[in-house]
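Just below is one structure, and these are the notes that go with it.
Protein chains: 2
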Amino acid sequence: MILGIDGYLGWPLALRMASKGYEVIGIDNMATRKSVEEVGSISALPIKSMDERVKIANKEFKGKITFVKGDITDYKLICDTIKEHTPETIVHFAEQRSAPYSMIDVNHATYTMRNNINGTINLIYAIRGADLDTHVVKMGTMGEFGTPKFDIPEAPFVDVEIKGKRDKITTPKWGGSWYHWTKVHDTNNLLFANKLWGITMTDIMQGPVYGTRTSEIKSEDLFTRFDFDAVWGTVVNRYCVEAILGEPLTPYGKGGQIRGFLSLQDSMDALTLLIENKPKTGEYRSVNQFMELLSVNEIAEIVKTEAAKLGIDAKIKNVENPRVEEEQHHYNPERTVLPSLGFKLKVQMKDAIGEIIKDLLPNKNRLENYKDVLLPKTRWR
Amino acid sequence: MILGIDGYLGWPLALRMASKGYEVIGIDNMATRKSVEEVGSISALPIKSMDERVKIANKEFKGKITFVKGDITDYKLICDTIKEHTPETIVHFAEQRSAPYSMIDVNHATYTMRNNINGTINLIYAIRGADLDTHVVKMGTMGEFGTPKFDIPEAPFVDVEIKGKRDKITTPKWGGSWYHWTKVHDTNNLLFANKLWGITMTDIMQGPVYGTRTSEIKSEDLFTRFDFDAVWGTVVNRYCVEAILGEPLTPYGKGGQIRGFLSLQDSMDALTLLIENKPKTGEYRSVNQFMELLSVNEIAEIVKTEAAKLGIDAKIKNVENPRVEEEQHHYNPERTVLPSLGFKLKVQMKDAIGEIIKDLLPNKNRLENYKDVLLPKTRWR
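Line order of the protein sequences matches chains A and B. When you number the first sequence by this note's numbering, it's gap-free, plus one each residue, and the end is 487. When you number the second sequence by this note's numbering, it's gap-free, plus one each residue, and the end is 487.
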């Protein structure tokens, strides 16, 4: 079961799982489509309606995908759907996933809190009422950790020394937006539920994902959405659209912000491994899911270089940072769970950018009208 | 301005501030009255309607109290009220404050999350839009810390060593119920808002409060509510009602759970000091507000002894613990802020129990019908 099947990751995961012969039940309230429209933007790659693309996918993958339109903040809906389909695994992507969107104003802040926190609480109560053996794979974010001076553990708890005494505490977090804080609050709530009821969890702290293709997305009919605006686009994808539109690539601030990135293809491989290698019943597994550590300046250089190979002369122009974040910092997160499950990196960023730009180029004319959504309008302060 | 003026602490604080000559604006949505009724209980001390008791108080305190019926999850209401009255200080008690209530079922869990988190976010946005110099005094709980092996700091951040590296992190927390977790989430959200916007904060980590009287509550007309049932009553007050009803005093589990307690009178003194000694503009001050460290078994012994002096022979009967908590643990929270402001303890628990029991005794017949709400019905697991 995939909560948030209409999303950037949800749709490719549905295709991946269906192609491997699993039954896939997807729920979505179509919030991302509406919210992207709300900020005056669109998906850079045209995507079909859910009904249409499920039909196309089911032709290729033998009717394995079932779509349920609905909202997981509706407790009855999530309970009924779980009862009807008794999923082995529930992958939870159904959260508002934009930091800038959560920072627009008080209504976007409270919506993000309510939606993300209560959807997740509904899910764990629904499982508690059904089957605690169901494996919940929850999408968190590396952004829950902030950029601490210690090496970020890959574990829900960590040993510390505080004023001469030792204890085990929840791994320290510091969110950079209301969105990030909802993910921190989720993690705390899920750890509590796990302690009370023994829910079986994989909590994925994922870095920003980039790319247009997976092994299953061969035709444009099966494209997943691709956001590029300042609210919904993440850094790599945004730079690629800036490049094809002849706009400068725009790292925020000094650009020394380091994050852990991975391609859409690698994200799907990692998710598949985690789904197929379930933790022990009642275990809470935390995974740091990223492959390459790069600064946002370094990424701009990569995109510039790869764009040049396709005859595009991209400039780089650092712009005022709308966020409140360190622009030069230590960053060394642990990463052992995925390698221990046999994960092998397929895509390095420098090898993927050309493909992204090629997929975007046919949409250039359509995107010319959306240049005004490239630069941030919401400042954190 | 007091958010939650109808509550156990809100009402006595309104009287205290009015008696000192401050203008008091109180907001309340009357949720506690409704929620106590929902679980089949009542206030052990009869309380007047808000309109009636404001009228009585205003006779004594020269019309200093203004009551606004409303809900702070309504952003417009909180903004309009702040704009109209431009408070120097906003004391925020307006949260669902019962751990057992939050654990009843999924709807009570999500209600508690939504209500507490979004009310607080509305408040900080309202201040951001009005005056960042406004001092927010927010009621948290010592329960945010759980019962760690280290000495609980009295500070929002603490220096730690993690795997050989040092950093400053948010003081570690572990909530014991959804309610407690909302307070942890609030603290994280408020620290973030403070970093972004410099909101001036006093975050009070208060221990359980007991008692019926303050310097201002001399007549029964001005009583504050007094909850005793398993959902809304806290341990000391609940034991006192058990004693007058001839029911055993019921510590949960082994009864070695240690908490930091203070009397209603001392809570008002502490709040007054914190309100009148505002932190620097933009400062985030954390206060551990409690006076006596006692185990729930020790409290039962105190109540038994004091009841005996009034001719009541109370038995003690440890009952199954509905909660998931340590029943034997280290507990040593720092407490320096209030003493540094000149706080002097007025009431020790052993000296206050007799007065509580005397105030309760005239209500004995009325409370006979409520014996069935004394024992917990919701088990955390």
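Even glycine gets a Cβ: it sits at the ideal position worked out from N, Cα and C.
Original post:
What is the C-beta distance between Gly-366/A and Pro-259/A, in whole angstroms, given that I count them as a contact (C-beta under 8 Å)?
Top reply: The Cβ separation is near 14 Å, so there is no contact.
Original post:
Grouping DSSP H, G and I as helix and E and B as strand, with all else coil, what is Thr-306/A?
Top reply: Shown here, Thr-306/A sits in a strand according to DSSP, grouped into three states.
Subject >> Against chain B: residues of the stretch 259-274 of chain A by CB proximity under 9 Å >> reply: Answer in chain order: Pro-259, Val-264, Asp-265, Val-266, Glu-267, Ile-268, Lys-269, Gly-270, Lys-271, Arg-272, Asp-273, Lys-274.
Subject >> Option nearest Cys-346/A by Cα separation, candidates Glu-194/A, Ile-153/A, Glu-461/A >> reply: For the residues Glu-194/A, Ile-153/A, Glu-461/A, the minimum Cα distance to Cys-346/A belongs to Glu-461/A.
Original post:
Using 8 Å as the limit for Cβ to Cβ distance, is Thr-276/B near chain A?
Top reply: Thr-276/B counts as touching chain A.
**OP:** Pull up the CB-CB distance for Leu-351/B and Glu-474/B, whole angstroms please, since I reckon it's below 8 Å.
**Re:** Leu-351/B to Glu-474/B, Cβ: 7 Å. Contact.
Subject >> Residue closest to Thr-308/A, alpha-carbon to alpha-carbon, out of Asn-469/A, Met-209/A, Val-393/A >> reply: The candidate whose alpha carbon is nearest that of Thr-308/A is Val-393/A.
Original post:
Identify the residues that DSSP records as bridge partners of Gln-202/B: which are they?
Top reply: Per DSSP, Gln-202/B has no beta-bridge partner at all.
Subject >> Gly-246/A - DSSP class collapsed to helix/strand/coil >> reply: Strand, per DSSP.
**OP:** May I ask you to list, following chain order, the residues of the stretch 278-304 of chain A that have a beta carbon less than 8 Å from some beta carbon of chain B?
**Re:** For chain B, the residues of the stretch 278-304 of chain A that bring a beta carbon within less than 8 Å of one of its beta carbons are Pro-278, Lys-279, Trp-280, Gly-281, Trp-284, Trp-287, Val-290, His-291, Asn-294, Asn-295, Phe-298, Lys-301, Leu-302, Trp-303, in chain order.
Original post:
Thinking C-alpha only, which one of Ile-418/A, Asp-327/A, Leu-377/A, Arg-272/A is nearest Arg-122/A?
Top reply: It is Leu-377/A whose Cα lies nearest to the Cα of Arg-122/A.
Original post:
Quick one: which chain B residues come within Cβ less than 8 Å of Ala-215/A?
Top reply: Within 8 Å Cβ-Cβ: Ile-227, Tyr-231.
Original post:
At a CB-CB cut-off below 9 Å, which residues of chain A make contact with Asp-257/B?
Top reply: Ordered by position in chain A, the residues that pass the 9 Å Cβ test against Asp-257/B are Ile-268, Lys-269, Gly-270, Lys-271.
**OP:** Compile a chain-ordered list of the residues in the stretch 399-423 of chain A whose CB is closer than 9 Å to at least one CB of chain B.
**Re:** Those would be none; no residue qualifies.
Subject >> Close-in-space but distant-in-sequence residues of the same chain around Val-341/A (CB under 7 Å, 5 per side omitted) >> reply: Excluding sequence neighbours, Val-341/A sits near Pro-314, Val-402, Ile-405.
Original post:
Between Asn-213/B and Thr-288/A, what straight-line distance do the alpha-carbon atoms span, to the nearest angstrom?
Top reply: The alpha-carbon atoms of Asn-213/B and Thr-288/A are separated by roughly 19 Å.
**OP:** Consult DSSP for Asn-383/B and reduce its assignment to one of helix, strand or coil.
**Re:** It is coil, neither helix nor strand.
**OP:** Using the Cα positions of Asp-478/B and Ser-147/B, report the straight-line distance between them to the nearest angstrom.
**Re:** Computed Cα separation, rounded: 9 Å.
**OP:** Can you tell me which of the three DSSP states Ser-155/A falls into?
**Re:** Of the three classes helix, strand and coil, the one that applies to Ser-155/A here is coil, per DSSP.
Original post:
So, does the CB of Asn-224/B fall closer than 8 Å to a CB anywhere in chain A?
Top reply: For Asn-224/B, the answer is yes, since a Cβ of chain A falls inside 8 Å of its Cβ.
Original post:
What did DSSP end up calling Asp-478/B once you bin it into helix, strand or coil?
Top reply: It is helical.
Original post:
Is the CB of Tyr-181/B under 8 Å away from at least one CB in chain A?
Top reply: At least one chain A Cβ lies under 8 Å of Tyr-181/B.
**OP:** Can you say whether Asn-471/A is buried or exposed, counting buried as having 16 or more other CB atoms within 10 angstroms of its CB?
**Re:** Asn-471/A is exposed by the Cβ-count criterion.
**OP:** Ignoring anything shorter than 4 residues or poking outside the stretch 122-185 of chain A, list the alpha helix (DSSP H) runs there in chain order.
**Re:** Counting only runs of 4 or more, we get 137-144, 156-166.
Original post:
Can you find a C-beta in chain A that's less than 8 Å from the C-beta of Arg-220/B?
Top reply: Yes - at least one Cβ of chain A is within 8 Å of the one on Arg-220/B.
Original post:
What number of angstroms, rounded off, separates the C-alpha of Ala-124/B from the C-alpha of Ala-414/B?
Top reply: Here the C-alpha atom of Ala-124/B lies approximately 37 Å from the C-alpha atom of Ala-414/B.
Original post:
Do Gln-202/A and Met-248/A have their CB atoms nearer than 8 Å?
Top reply: Cβ distance not < 8 Å, so Gln-202/A and Met-248/A don't count as in contact.
Original post:
Hey, out of Tyr-476/A, Ala-458/A, Ser-141/A, whose CA is closest to Thr-320/A's CA?
Top reply: In terms of Cα proximity to Thr-320/A, the closest of Tyr-476/A, Ala-458/A, Ser-141/A is Ala-458/A.
**OP:** Could you tell me the distance, in whole angstroms, from the CA atom of Leu-151/B to the CA atom of Leu-399/B?
**Re:** Each residue's alpha carbon lies about 27 Å from the other.
Original post:
When burial is assigned at 16 or more other CB atoms within 10 Å of the CB, is Gln-363/B buried or exposed?
Top reply: Its Cβ being crowded by 16 or more others within 10 Å, Gln-363/B is buried.
Original post:
Taking Leu-229/B as the reference, which of Lys-271/B, Glu-250/B, Asp-177/B has the closest Cα?
Top reply: For the set Lys-271/B, Glu-250/B, Asp-177/B, the Cα lying nearest the Cα of Leu-229/B is the one of Asp-177/B.
Original post:
Pick from Gln-434/B, Lys-154/B, Val-145/B: whose alpha carbon is nearest that of Phe-329/B?
Top reply: Nearest C-alpha to Phe-329/B among Gln-434/B, Lys-154/B, Val-145/B: Lys-154/B.
Original post:
Among Val-142/B, Leu-370/B, Ile-381/B, which one has its Cα closest to the Cα of Leu-480/B?
Top reply: When only C-alpha atoms are compared, the closest one is Val-142/B.
Original post:
How many Å lie between Thr-484/A and Glu-322/B at the Cα?
Top reply: Roughly 48 Å separates the two Cα atoms.
Original post:
Taking the alpha carbon of Thr-218/B as the point to measure from, which residue in Trp-284/B, Val-145/B, Leu-379/B, Ile-131/B has its own alpha carbon closest?
Top reply: Nearest of Trp-284/B, Val-145/B, Leu-379/B, Ile-131/B to Thr-218/B, Cα basis: Trp-284/B.
Subject >> chain B contact for Val-197/A (CB, 8 Å cutoff) >> reply: Interface with chain B (8 Å Cβ-Cβ cutoff): Val-197/A is excluded.
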